[in-house]
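Participant:
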Amino acid sequence: MGYSEVYQSWQNDPEGYWMQLAEAIDWDQKPSRALFETGEHLYEWFSDGRLNGCWNAVDRHVAAGRGDQVAIIHDSPITGTQSRITYAELQTRVARLAGALRARGVEKGDRVIIYMPMVPEALEAMLACARLGAVHSVVFGGFAAHELAVRIDDAKPRAILAASCGIEPGRIVAYKPLVDGAIEQAAHKPEFTVFLQRDQAPCELEDGYDLDWHAFQEGAEPADCVPVEGNHPAYILYTSGTTGAPKGVVRPTAGHLVALHWSMKNIYNVDPGEVFWAASDVGWVVGHSYICYAPLVHGNTTIVFEGKPVGTPDAGTFWRVIAEHDVKSFFTAPTAFRAVKREDPKGEFLKKYDLSGLRAIYLAGERADPDTIEWTQNLTGKPVYDHWWQTETGWTIAGNPVGIEPLPVKIGSPTVPMPGYDIHILDEAGREVADGELGAIAIKLPLPPGTLPTLWNAEDRFRKSYLSHFPGYYETGDAGMKDADGYVWIMARTDDVINVAGHRLSTGGMEEVLAGHPDVAECAVIGVADELKGQLPMGFVCLTKGVNRPHDEITAECVKRVRDQIGPVAAFKLCAVVDRLPKTRSGKILRRTMIQIADGAEVKVPATIDDPAIIDEIRESLKELGYPKG
């Protein structure tokens, strides 16, 4: 069957479609049906089935005689080390860690916070929780103490599993003081902490409360897998909320496993036994879905990479990892390639490596601008597939179903909806807009398996955030359109659609134009308040390494490009050259923070910012443009 037939088969019989896909994973007790309605516009999948996430990710491959296959490759250019763990070794390690946790009282339903860098032990911690039916919540290693405290108070974990440090280019981040500070600030006190001591910066352990990772597990009785209900939370993952309080996205066990298993072949086109690499972090949703769970459930080899696209040691590190480990399918964020392109625009580093085994590159996490896609395609000779999804959904909303049928790529579009996602483009009143018109992207309920059924202890907030604006739909918070072929185009966050003298314009469209300038490596466009027109667009551009032309020449060319390609209606006149853009650690540009500075509003710098010093640089650039006004 081609894509259209597969999508149609889901539409014709959603219940039968998902029940059939559920056959691909192992159940202790099969569900009686797929979909359960639990309240008005609230749904769950496979609720009365029983299964275990760790069994499906680890034990079943050992039971099938594939224990000698490598499950995890740890590649750490930052420490100069590599290691490999087979499925059989992973089973032993995870069962022992789970047994040690159980001996300290951790049981099904208890929460455990994991605060670790990119080491295999982070995945072992996640899987050990899944083995017991405990609910893990991974918090990005090195996150500020206050942010960790907020998550401790929301999740109320029984324990924290951490490492002594994380390692960044040129610096070591000690985690112990951050964990101690968070526990001190939090009203809820975990019963114990466990620290993986790293040679680069071991930490002092407090007797009785802080436990050493290896000593903690010594003599522990390995734990068996505990079957849980299909709707049992596998994990809570906090995503930044607009109010400043993080939202705890809940991921149910069964739907998550069914959807992720399907995605590995149908979207990423890999077979069991092949190497899959998602260059992300376990602190983000990509790390949960595509470093840990999906590759392992599908029987692939996954790569845990501790490094950066540039600087560890150079802009060739991605190509080295792909060539050295024979990666078949590679997934990263567009910002990573923009960093590589800026350092090595002609791809000199790529020439050293053989990428013949690589089939395709997948991009997600933010809009993939056409210029970055074209550069990557031309350089590597590989297909580059943009795809779109969210922390909340856990897997692809719209993508190219390469494993079913590779569809023609339209650069700038993540292609088409995946089965389970009925995408609509709505105006403010909730009416469908015509093809090619910009609107709010909403998904008709129910969402498919694997997506969030609610927020942790916050059903009212869940309804308000996602369900109330368009009744019967999940509001994505993204704006875009569909074309006549059914392709979806994601143009901006709904907040980033600006209104210039009554014209609704996408900042993403302007960024595309700026990114096409030969000297621009990266850019962002924001909307700033204007008395006359309501809002005006303002552009920030970072230049490619080695460009030495006067900045005013480049900004004048940028202004002319937008005027020529989008038209005078855009009223694009404000543009500045900056060294770098403020971003989160996952690479998302902090446009809202930039808008707050430009508008003279109170600035709330998110805890996820990569480098707070960039904010002062942006202030200086804005001053030169005459902002904030007055």
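So for the sequence shown, full-length UniProt numbering puts the first residue at 1; every next one is plus one.
Glycine is no exception: its CB is placed at the ideal position from the N, C-alpha and C atoms.
With DSSP as the reference, identify every bridge partner of Asp212, one or two as the case may be.
Facilitator: Answer is Phe195.
Participant: Would you report the Cα separation of Phe349 and Val226, rounded to the nearest angstrom?
Facilitator: Phe349 and Val226: Cα-Cα distance of roughly 48 Å.
Participant: Can you tell me whether DSSP reads Asn499 as helix, strand or coil?
Facilitator: If DSSP states are grouped into helix, strand and coil, Asn499 belongs with the strands.
Participant: What residue range is occupied by the uninterrupted alpha helix (DSSP H) comprising Asp180?
Facilitator: Lys176 to Gln185 is the extent of the alpha helix (DSSP H) around Asp180.
Participant: Going by DSSP, what residue range makes up the alpha helix (DSSP H) through Pro14?
Facilitator: Pro14 to Leu21 is the extent of the alpha helix (DSSP H) around Pro14.
Participant: Below 8 Å, how does it come out for the region 121-138 and the region 152-165: are there three or more Cβ pairs, yes or no?
Facilitator: A contact exists between the region 121-138 and the region 152-165.
Participant: CB Val577 to CB His551, shorter than 7 Å?
Facilitator: Cβ atoms of Val577 and His551: closer than 7 Å.
Participant: Where does the unbroken alpha helix (DSSP H) through Val256 begin, and where does it stop?
Facilitator: For clarity, residue 256 is His in the given sequence; the question names Val instead. That run of the alpha helix (DSSP H) goes Thr253 to Asn266.
Participant: Starting from the C-beta of Ala336, find all residues in its chain whose C-beta is less than 8 Å away, skip the five residues before and the five after it, and write them out in chain order.
Facilitator: Around Ala336: Ala279, Pro309, Phe318 and Gly587.
Participant: Using only the alpha-carbon positions, how far apart do Tyr43 and Pro233 sit?
Facilitator: Going from the Cα of Tyr43 to the Cα of Pro233 covers about 14 Å.
Participant: From residue 633 to Ala174, what does the alpha carbon distance come to, in whole angstroms?
Facilitator: Residue coverage of the chain in this structure runs from 1 to 630, which leaves residue 633 outside it and unanswerable.
Participant: DSSP state of Gly381, grouped into three classes?
Facilitator: Note: Gly381 maps to coil in three-state DSSP.
Participant: Would you kindly report the start and end of the unbroken alpha helix (DSSP H) that includes Ser47?
Facilitator: First-last for Ser47: undefined, no H or E at that position.
Participant: Considering Cα atoms alone, identify which of Leu536, Val603 and Ile361 is closest to Arg619.
Facilitator: Ranking the options by Cα distance to Arg619, first place goes to Val603.
Participant: Please specify which runs of the alpha helix (DSSP H), each continuous and at least 4 residues long, are wholly inside the region 367-440, giving them in chain order.
Facilitator: Complete alpha helix (DSSP H) runs here, min 4: 370-380.
Participant: For a quick check, are the C-beta atoms of Glu511 and Val525 less than 7 Å apart?
Facilitator: Taking 7 Å as the Cβ cut-off, Glu511 and Val525 qualify as a contacting pair.
Participant: Assuming Val112 and Val58 form a contact by the criterion Cβ under 8 Å, report the distance between their Cβ atoms to the nearest whole angstrom.
Facilitator: Between Val58 and Val112 the Cβ distance is about 18 Å, and since that is not below 8 Å, they are no contact.
Participant: Span of the beta strand (DSSP E) holding Ser83?
Facilitator: Run containing Ser83: Thr81 to Thr86, per the beta strand (DSSP E) assignment.
Participant: Going by C-alpha to C-alpha distance, which of Asp224, Pro169 and Phe216 sits closest to Phe192?
Facilitator: Checked all of Asp224, Pro169 and Phe216; the closest Cα to Phe192 is Phe216.
Participant: Who pairs with Lys444 in a beta bridge, going by DSSP?
Facilitator: Answer is Tyr473, bridged to Lys444.
Participant: Applying the 10 Å Cβ sphere with the 16-neighbour rule, what's the burial state of Met538?
Facilitator: Its Cβ being crowded by 16 or more others within 10 Å, Met538 is buried.
Participant: Could you tell me which whole alpha helix (DSSP H) segments of length 4 or greater appear in the region 303-362?
Facilitator: The region 303-362 contains these whole alpha helix (DSSP H) runs: 317-324 and 334-343.
Participant: Straight-line CA distance for Pro448 to Tyr209?
Facilitator: Those two C-alpha atoms are separated by around 42 Å.
Participant: With the cut-off set at 7 Å, would you say Leu574 and Leu625 are in Cβ contact?
Facilitator: It is a contact, given that the beta carbons lie within the stated cut-off.
Participant: For Asp28 and Arg131, I'd like the C-alpha separation in whole angstroms.
Facilitator: Approximately 13 Å between the Cα atoms of the pair.
Participant: Taking the alpha carbon of Ala333 as the point to measure from, which residue in Tyr362, Thr454, Ile554 and Ile614 has its own alpha carbon closest?
Facilitator: Among Tyr362, Thr454, Ile554 and Ile614, the Cα nearest to that of Ala333 is on Tyr362.
Participant: Across which residues does DSSP place Phe36 in a beta bridge pair?
Facilitator: Phe36 pairs with Glu44.
Participant: By how many angstroms is the C-alpha of Asp26 removed from the C-alpha of Ala501?
Facilitator: C-alpha separation (whole angstroms): 57 Å.
Participant: Can you check the region 562-622 for any beta strand (DSSP E) of at least 3 residues that lies completely inside it and give the ranges in chain order?
Facilitator: As far as the region 562-622 is concerned, its whole beta strand (DSSP E) runs of at least 3 residues are 574-577.
Participant: Indicate the three-state DSSP secondary structure (helix, strand or coil) for Lys560 in the structure shown.
Facilitator: Note: Lys560 maps to helix in three-state DSSP.
Participant: Rounded to a whole number of angstroms, what is the C-alpha to C-alpha distance between Thr79 and Ala323?
Facilitator: Cα to Cα, Thr79 sits roughly 20 Å from Ala323.
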